[in-house]
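First up is the structure itself, then whatever we jot down about it.
There are 2 protein chains.
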Amino acid sequence: AIVAEIERMLAGENAGALSGTHALVTAGPTREPLDPVRFLSNHSSGKQGYAIAEALARLGAQVTLVSGPVSLPAPRGVNLVPVETARQMLKACEDALPTDVFVSVAAVADWRPARAATKKLKIKGAGSEHPSMELTENPDILKTLANKRKNRPSLVIGFAAETHDVEEHAVAKLKRKNCDWIVANDVSGDVMGGTENEIALISRDGSERWPRMGKDEVARRLALKIAETVGDEGDGLKLAAE
Amino acid sequence: AIVAEIERMLAGENAGALSGTHALVTAGPTREPLDPVRFLSNHSSGKQGYAIAEALARLGAQVTLVSGPVSLPAPRGVNLVPVETARQMLKACEDALPTDVFVSVAAVADWRPARAATKKLKIKGAGSEHPSMELTENPDILKTLANKRKNRPSLVIGFAAETHDVEEHAVAKLKRKNCDWIVANDVSGDVMGGTENEIALISRDGSERWPRMGKDEVARRLALKIAETVGDEGDGLKLAAE
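Sequence order for the protein chains is A and B.
Going by my numbering, the first residue of the first sequence is number 4, and it counts up by one from there.
Going by my numbering, the first residue of the second sequence is number 4, and it counts up by one from there.
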């Protein structure tokens, strides 16, 4: 019955499954300035987050997409909020609350240069063979939203991009951040920037591995899972191997 | 007479002015990995360097364009060599020698993380309020090529992107790096990533300021200046206020 239901939904018959809900999605990297020219960033292309925002909008959700700098067009029917830094991203997310769903796909820089200079720094090597850049911890957007007393989204989904011990790190992250689900993916291969993804979906009740598929397809399936859980017709389908 | 000549060349009658010459251009930022996910980089879009490569090719030069990661299409008629890091960029430039002209437009990261981890780093803040990232100096591509005993390009042009004291820094850079010309631009405004540029062209003999114009136009004029100096019909036109 569940398989049939999923098939039906995949066929596009569930276009309004998320009508009346508001979803917040973050995507892309953040850029943390060292000075007006240099920054610390990461390889996130934003593709997976943009695809999820679009898939949620297709199911009828009102979607706010808070995005770091990427070279992707805004998905149709989505309210795009462009940001640069983790602190700007947190602010934009908090401004978007209350939401029913929060999908944290952005590769938020966990550290930023402790001091951002307003002029281009002249880093001098003289007298110091290895100068260093002081770092300070960025706000944890996922953890912050997942632990809101007021306005906590009813479904909080984090992503865990790991290069090793993927599921172990993902389960630890779920507990540490107080998420409901973690989408764990292994970025040790060619996933980052690519068009495909291979993920494991982890909840407090269990986990399921999905075969390698296009990022659009990951997005579509994840949006359907979300609709089953928070949508009008949701029956709280549990995650389990199918 | 010079103005008339420039007008004629701007009109496109000098399409073969650089025939038989080889030009090497670098463009874009470099990305310096901290681990497989994170990197240190800068805001260079690559637009000015790509435009210069294309303008040189239009004048008949054989052009090698060594480019850091940008989201621009390869210019027509140019041999594009994509790289990520400063060290890769230096290697690709040295592999391209001998060349008649070297135009160093890339915003090469002067520093890189001293140790690039092969696994995603778990930066721990516990026990240290401000952890730091050790940096090590990158090779200086402009200085290295400008000081080659064998195979030094006969015309070496550097770019100086500065946010303050632009010409002062540019003159100092010309001497320090042993360049023939420096193209100095002020990136304190909205130039970086934009389509326009406002530059000063500095040689050992003097300098001239160009009005704000499109990056394509800067490229076209610079290519003509280069053709006057190294092209078949070059008469060694000196830089001076016109």
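Note that beta-carbon positions come from the ideal geometry of N, C-alpha and C, so glycine has one too.
Every value quoted in this text rests on a predicted model; they were computed, and no experiment measured them.
Inspect the beta-carbon positions of residue i and residue j and report whether they are closer than 8 Å.
i, j, result
"residue 213/B", "residue 227/B", "no"
"residue 68/A", "residue 18/A", "no"
"residue 163/B", "residue 155/B", "no"
"residue 112/B", "residue 44/B", "yes"
"residue 135/B", "residue 27/A", "no"
"residue 201/A", "residue 215/A", "yes"
"residue 225/A", "residue 144/A", "no"
"residue 160/B", "residue 86/B", "no"
"residue 217/A", "residue 198/A", "yes"
"residue 170/B", "residue 210/B", "yes"
"residue 220/B", "residue 190/B", "no"
"residue 114/B", "residue 140/B", "yes"
"residue 57/A", "residue 78/A", "yes"
"residue 142/B", "residue 90/B", "yes"
"residue 83/A", "residue 21/A", "no"
Using the beta-carbon of each residue, which ones in chain A are nearer than 7 Å to residue i?
i, result
"residue 134/B", "138"
"residue 74/B", "74"
Hey, quick one: how far does the beta strand (DSSP E) through residue i stretch, first residue to last?
i, result
"residue 165/A", "158-165"
"residue 186/B", "184-189"
"residue 138/B", "135-140"
"residue 211/A", "210-212"
"residue 115/B", "114-116"
"residue 21/A", "Looking at the DSSP string, residue 21/A is not in any beta strand (DSSP E), and its letter there is neither H nor E."
"residue 148/B", "Note, residue 148/B: premise wrong, no beta strand (DSSP E); alpha helix (DSSP H) at 144-149."
"residue 204/B", "202-206"
"residue 111/A", "Looking at the DSSP string, residue 111/A is not in any beta strand (DSSP E), and its letter there is neither H nor E."
Candidates the options: which alpha carbon is nearest residue i's?
i, options, result
"residue 116/A", "93/A, 100/A, 88/A", "88/A"
"residue 157/A", "198/A, 219/A, 182/A", "182/A"
"residue 72/B", "49/B, 58/B, 94/B, 90/B", "49/B"
"residue 230/A", "152/A, 104/A, 207/A", "104/A"
"residue 64/B", "121/B, 80/B, 146/B, 53/B", "80/B"
"residue 37/B", "46/A, 40/A, 95/A", "46/A"
"residue 66/B", "55/B, 34/B, 206/B, 188/B", "55/B"
"residue 32/B", "120/A, 41/A, 33/A", "41/A"
"residue 153/A", "101/A, 74/A, 211/A", "101/A"
"residue 168/A", "140/A, 141/A, 188/A, 221/A", "188/A"
"residue 74/B", "90/B, 122/B, 98/B, 53/B", "53/B"
"residue 99/B", "70/B, 173/B, 122/B", "70/B"
"residue 24/B", "184/B, 186/B, 59/B, 121/B", "59/B"
"residue 95/B", "122/B, 147/B, 76/B, 120/B", "147/B"
"residue 120/B", "172/B, 35/B, 175/B", "35/B"
Against residue i, what residues of chain B qualify as contacts under a CB-to-CB distance less than 8 Å, listed in chain order?
i, result
"residue 45/A", "40, 41, 42"
From what residue to what residue does the alpha helix (DSSP H) around residue i run?
i, result
"residue 179/A", "169-180"
"residue 226/B", "218-233"
Since residue i meets chain A, which of its residues come closer than 9 Å, beta carbon to beta carbon?
i, result
"residue 25/B", "What residue 25/B touches in chain A: nothing, since even the nearest Cβ is about 30 Å away."
Below 7 Å, is the gap between the Cβ of residue i and the nearest heavy atom of the ligand SAM?
i, result
"residue 171/A", "In terms of ligand content, the structure shown is empty, and the ligand SAM therefore cannot be addressed."
- request: Please list the segments of the alpha helix (DSSP H) lying wholly inside the stretch 27-91 of chain A, counting only runs of 4 or more residues, in order along the chain.
  value: 50-61
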